[in-house]
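Numbering (our numbering), first residue to last: 982 to 1208. Notes follow once the structure below has been shown.
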Ligand code: HEC
Ligand code: HEC
């Protein structure tokens, strides 16, 4: 991996892809999600309501539990994935989850099941489901190859921590990676790299293009053991 050209090409992609001025790249909050202010405010307001109003929280829990019955088959009872190549949703950042569910719904992100399932979701349901999972306790998958962890740690701290945070829990709006299944991380990195239409994001494509197959396995093994 070449550090300088990497930084340079990433910065270039930022400018081309978004029209943001170079100076703004120092603040990763600009790039976390594509959500509008109104949606971000609704998420904040719902979280506040849940933390202050036990009666409304009970009603929210019942409604959202019913809405997520089907999701358990793959994402597990409490958001810890029970299928391979499937993400944990527990403790994932709510803003990121809202963004992704909307992307599935608008087919900007494609997965056979997720794109189909999300067609029936309203904006309000998406926000509630996202918050429901974001409030579940953190989980760790601890999969991948233990021997590759030191190599993975180095790659992660140099090339991922700026946006996904040093502990892998993600800056505001960014994906939490800590504890994900290693095979899921590798699948996602390849999807960004190959620009197959399953996932689209210029920053992640720039990052993934710099990683060899072994680098991907290593960084995924490290991430998977974080909690
Ligand atoms: C048949 C299995 C299956 C079912 C059922 C399912 N999912 Fe998924 N889900 C997946 C897979 C596989 C992915 C990863 C897709 C990809 O590779 O892009 C995913 C991805 C997601 C993501 C993106 C998470 C991330 O880290 O980017 C969210 C959010 C999500 N699912 C929510 C749900 C919800 C809510 C339900 C129930 C309404 C549900 N899923 C039902 C298999 C499933
Ligand atoms: C410049 C910021 C930035 C850097 C650096 C970065 N990422 Fe990301 N990453 C993002 C953004 C933004 C997304 C959400 C993309 C989307 O909307 O699909 C993302 C999404 C992801 C996802 C999908 C998470 C999920 O739950 O599906 C994985 C995995 C990931 N990044 C891994 C990495 C790894 C590994 C590195 C370092 C080698 C890295 N990222 C470096 C910004 C970054």
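Yeah, the Cβ is synthetic: ideal placement off N, Cα and C, and Gly gets one too. Here the structure is a predicted model, which means the values were calculated and not measured.
Inter-residue spacing [alpha-carbon to alpha-carbon] between residue 1140 and residue 1184
What you label residue 1140 is simply residue 159 of the chain shown in a count that begins at 1. What you label residue 1184 is simply residue 203 of the chain shown in a count that begins at 1. Whole-angstrom Cα-Cα distance: 11 Å.
For ligand 1, any of its heavy atoms closer than 7 Å to the Cβ of residue 1090?
By one-based count along the chain shown, residue 1090 stands at place 109. Checking the Cβ of residue 1090 against ligand 1 gives yes.
I'd like to confirm something about residue 1158: is its beta-carbon nearer than 7 Å to some heavy atom of ligand 2, or not?
Working through the chain shown from its first residue, we reach residue 1158 at position 177. Yes.
My understanding is that residue 1122 touches residue 1162, with C-beta atoms under 8 Å, so please give their C-beta distance in whole angstroms.
If you number the chain shown from 1, residue 1122 lands on position 141. If you number the chain shown from 1, residue 1162 lands on position 181. With 8 Å as the limit, residue 1122 and residue 1162 qualify as a contact, their Cβ atoms being about 4 Å apart.
Can residue 1184 be considered in contact with ligand 1, in the sense that its beta carbon sits closer than 7 Å to one or more heavy atoms?
Locating residue 1184 in the chain shown gives position 203, where the first residue counts as 1. Checking the Cβ of residue 1184 against ligand 1 gives no.
Is residue 935 near ligand 2 - that is, is its Cβ less than 7 Å away from at least one heavy atom of it?
Since the first residue of the chain shown is 982 and the last is 1208, residue 935 is not available in this structure.
Start-end ranges of the alpha helix (DSSP H) lying completely within the region 1085-1168, minimum 4 residues
If we require 4 residues or more, the alpha helix (DSSP H) runs fully inside the region 1085-1168 come out as 1093-1099, 1104-1115, 1130-1140, 1142-1145.
Excluding the 5 residues preceding and the 5 following residue 1153 in the sequence, name in chain order all residues of the same chain whose CB lies nearer than 8 Å to its CB.
Numbered from 1 along the chain shown, position 172 holds the residue referred to as residue 1153. Once the five neighbours on either side are set aside, the close Cβ partners of residue 1153 are 1010, 1013, 1074, 1076.
Is the CB-CB distance between residue 1167 and residue 1180 below 8 Å?
By 1-based counting over the chain shown, the position of residue 1167 is 186. By 1-based counting over the chain shown, the position of residue 1180 is 199. No, they are not a contact pair.
According to DSSP, simplified to helix, strand and coil, what is residue 1198?
By one-based count along the chain shown, residue 1198 stands at place 217. Residue state, collapsed to three classes: helix.
Can you tell me which of the three DSSP states residue 1042 falls into?
Here residue 1042 corresponds to residue number 61 of the chain shown, with the count starting at 1. For residue 1042, the three-state secondary structure derived from DSSP is helix.
Measuring straight from C-alpha to C-alpha, what distance separates residue 1004 and residue 1044?
Residue numbering aside, residue 1004 sits at position 23 when the chain shown is read from its first letter. Residue numbering aside, residue 1044 sits at position 63 when the chain shown is read from its first letter. In this prediction, residue 1004 scores a pLDDT of 32, lower than 50, which makes its location untrustworthy; no coordinate-derived value is stated.
Would you identify the three-state DSSP class for residue 1212, choosing helix, strand or coil?
Outside the displayed span of the chain (982 to 1208) sits residue 1212, for which this structure offers no information.
Closer than 7 Å to a non-hydrogen atom of ligand 2 - does that hold for the CB of residue 1155?
Numbered from 1 along the chain shown, position 174 holds the residue referred to as residue 1155. Correct: residue 1155 has its Cβ closer than 7 Å to ligand 2.
Cα separation between residue 1016 and residue 1110?
Numbered from 1 along the chain shown, position 35 holds the residue referred to as residue 1016. Numbered from 1 along the chain shown, position 129 holds the residue referred to as residue 1110. Residue 1016 and residue 1110: Cα-Cα distance of roughly 16 Å.
Based on Cα-Cα distance, which residue from 1067, 1065, 1066, 1072 lies nearest to residue 1059?
Residue 1059 sits at position 78 when you count from the first residue of the chain shown. It is 1072.
Looking at residue 1068 and ligand 2, is the gap between the Cβ and the nearest heavy atom below 7 Å?
Residue mapping note: residue 1068 aligns to position 87 of the chain shown, counting from 1. Within the cutoff, so yes.
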